[in-house]
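Structure record follows, encoded as structure tokens.
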Amino acid sequence: MSGKPRLHYFNGRGRMETIRWLLASAGVEFEESFLEKKEDLTKLQKDGSLLFQQVPMVEIDGMKLVQTRAIANYISTKYNLYGKDLKERVLIDMYVEGMFDLNELFLMYIVQPADKKEEYFANMMNKAENRYFPVFEKVLKDHGKDFLVGNQLSRADVQLLELILMAEEYKPDVLANFPVLQSFKARISNIPAIKKFLQPGSQRKPPVTEEDLAKAMKIFRS
Ligand code: IBG
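Take the sequence shown: its position 12, counting from 1, is numbered -6 in the working numbering, and each next residue is one higher.
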């Protein structure tokens, strides 16, 4: 075994992308096994690799971890991205749970039926601009520090940058009214491990296309 974590998922963002972001931000190299067809998933299901018959699955430290949040918690703890004490950790948890909720809205946009897309998009961007981003703008503005929690990089910063970039793909000027988030974005993007992940050729995945979606559906839909 190489010792590097191995990620099992399809070759797209979906529920694995945050895990890729966290590992990359911690400077951890990882390998990926991409599910190409339904049989690849069936094989993992049959050989007992998937506790709930689902991916994401990450092989790390001799374990086969499933459930996105559990995997993200493990990686964040292991690589010191999860605060220095219980109070920092619960703050990080509150922030990232909000981020997961917004992330879920972004993830599900592509699967909306054509006649629902416009309404869904409006609600999703409304939530980004009026519910979630104002919170993080205020947190950073009020304490005046460089990072969301504890004045050091945590998963909250990494996950917020991931979300900001995703929101900008949907609406390029989404940060127009969030000057503090604009500088946050520039600062966090410039952290060497993150900067590297943002460069072409990294293991960061591009936005999901209709074609990727069709492929993923074939794998995951029974
Ligand atoms: N709670 C689990 C987690 O967070 O890990 C959910 C995992 C999950 O939904 N896995 C799907 C799966 O394995 C693939 S991600 N399905 C097979 C099965 O038999 O249940 C599906 C997904 C995509 C894009 I692709 C957006 C959201 C979900």
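Every residue, glycine too, gets a C-beta built ideally from N, C-alpha and C.
Model, not experiment: these values are computed from the prediction.
Just checking, does the stretch 60 to 79 make contact with the stretch 130 to 139 on the three C-beta pairs under 8 Å criterion?
Yes, since at least three Cβ pairs between the stretch 60 to 79 and the stretch 130 to 139 fall closer than 8 Å, the two stretches touch.
From this set, Lys98, Asp124, Ile92, Phe160, which residue's C-alpha is nearest Arg113's C-alpha?
Mapped onto the sequence shown, residue 113 falls at position 131. Per the Cα distances, Phe160.
Short Cβ contact (8 Å threshold) for Leu17 with Val37:
If you number the sequence shown from 1, residue 17 lands on position 35. If you number the sequence shown from 1, residue 37 lands on position 55. For Leu17 and Val37, yes; Cβs fall inside 8 Å.
Determine the direct distance from the alpha carbon of Thr24 to that of Val121, and round the result to whole angstroms.
For this step, residue 121 is matched to residue 139 along the sequence shown. For this step, residue 24 is matched to residue 42 along the sequence shown. Distance between the alpha carbons of Val121 and Thr24 is about 45 Å.
When the Cα atoms are used, what is the spatial distance from Gly126 to Val156?
Indexing the sequence shown from 1 puts residue 126 at position 144. Indexing the sequence shown from 1 puts residue 156 at position 174. In a straight line, the C-alpha of Gly126 is about 22 Å away from that of Val156.
Range of the contiguous alpha helix (DSSP H) that encloses Phe16:
Start at 1 with the first residue of the sequence shown, and residue 16 comes out as number 34. No alpha helix (DSSP H) contains Phe16, which is instead part of the beta strand (DSSP E) from 13 to 16.
Going straight from the alpha carbon of Gln35 to that of Gln27, what length do you get?
As a first step, residue 35 must be located in the sequence shown, where it is residue number 53. As a first step, residue 27 must be located in the sequence shown, where it is residue number 45. If you take the alpha carbons of Gln35 and Gln27, they lie about 5 Å apart.
Can you check the stretch 138 to 201 for any alpha helix (DSSP H) of at least 4 residues that lies completely inside it and give the ranges in chain order?
If we require 4 residues or more, the alpha helix (DSSP H) runs fully inside the stretch 138 to 201 come out as 161 to 171, 174 to 180.
Do Arg(-3) and Thr50 count as a contact pair if the criterion is CB distance below 8 Å?
As a working mapping, residue 50 is identified with position 68 in the sequence shown. As a working mapping, residue -3 is identified with position 15 in the sequence shown. Yes, Cβ-Cβ distance for Thr50 and Arg(-3) is below 8 Å.
Do Leu142 and Met81 have their beta-carbon atoms positioned less than 8 Å apart in this structure?
As a position in the sequence shown, residue 81 is number 99, starting the count at 1. As a position in the sequence shown, residue 142 is number 160, starting the count at 1. Less than 8 Å separates the beta-carbon of Met81 from that of Leu142.
Could you check if Gln141 belongs to the surroundings of the ligand IBG, using beta carbon to heavy atom distance under 7 Å?
The count along the sequence shown starts at 1 and reaches residue 141 at position 159. No, Cβ of Gln141 sits at least 7 Å from all heavy atoms of the ligand IBG.
Leu(-11) - DSSP class collapsed to helix/strand/coil:
Position 7 of the sequence shown, counted from the start, is the residue given in the question as residue -11. In the three-state DSSP reduction, Leu(-11) falls in the strand class (E or B).
Ser31 to Val48, Cα distance in whole Å?
For this step, residue 31 is matched to residue 49 along the sequence shown. For this step, residue 48 is matched to residue 66 along the sequence shown. C-alpha of Ser31 to C-alpha of Val48: approximately 9 Å in a straight line.
Pull the bridge partners of Val40 from the DSSP assignment, please.
What you label residue 40 is simply residue 58 of the sequence shown in a count that begins at 1. Val40 is bridged to Leu(-11), Leu47.
What number of angstroms, rounded off, separates the C-alpha of Met(-17) from the C-alpha of Lys46?
Working through the sequence shown from its first residue, we reach residue -17 at position 1. Working through the sequence shown from its first residue, we reach residue 46 at position 64. Only weak support exists for where Met(-17) lies, its pLDDT of 49 falling under 50; the coordinates are left without a value.
Distance check for Lys(-14) and Asp22, CA to CA, integer angstroms please.
If you number the sequence shown from 1, residue 22 lands on position 40. If you number the sequence shown from 1, residue -14 lands on position 4. Between the C-alpha atoms of Asp22 and Lys(-14) there is a straight-line separation of about 21 Å.
CB of Gln94 to nearest heavy atom of the ligand NAP: below 7 Å?
Because the ligand NAP does not appear in the structure shown, any question about it cannot be addressed here, the ligands present being the ligand IBG.
Rounded straight-line distance, which links the Cα of Asp75 to that of Ile1:
For this step, residue 1 is matched to residue 19 along the sequence shown. For this step, residue 75 is matched to residue 93 along the sequence shown. Cα atoms of Ile1 and Asp75: separation of roughly 15 Å, rounded to the nearest angstrom.
Output needed for Ser171: all residues of its chain with C-beta closer than 8 Å, excluding positions within five of it in sequence on either side, in chain order.
Position 189 of the sequence shown holds residue 171. Within the same chain, and ignoring the five residues on either side of Ser171 in sequence, the residues whose Cβ sits closer than 8 Å to its Cβ are Leu143, Lys177, Leu180.
Does the ligand IBG have even one heavy atom less than 7 Å from the beta-carbon of Ala196?
As a working note, residue 196 is residue 214 in the sequence shown. Incorrect: Ala196 has no Cβ contact closer than 7 Å to the ligand IBG.
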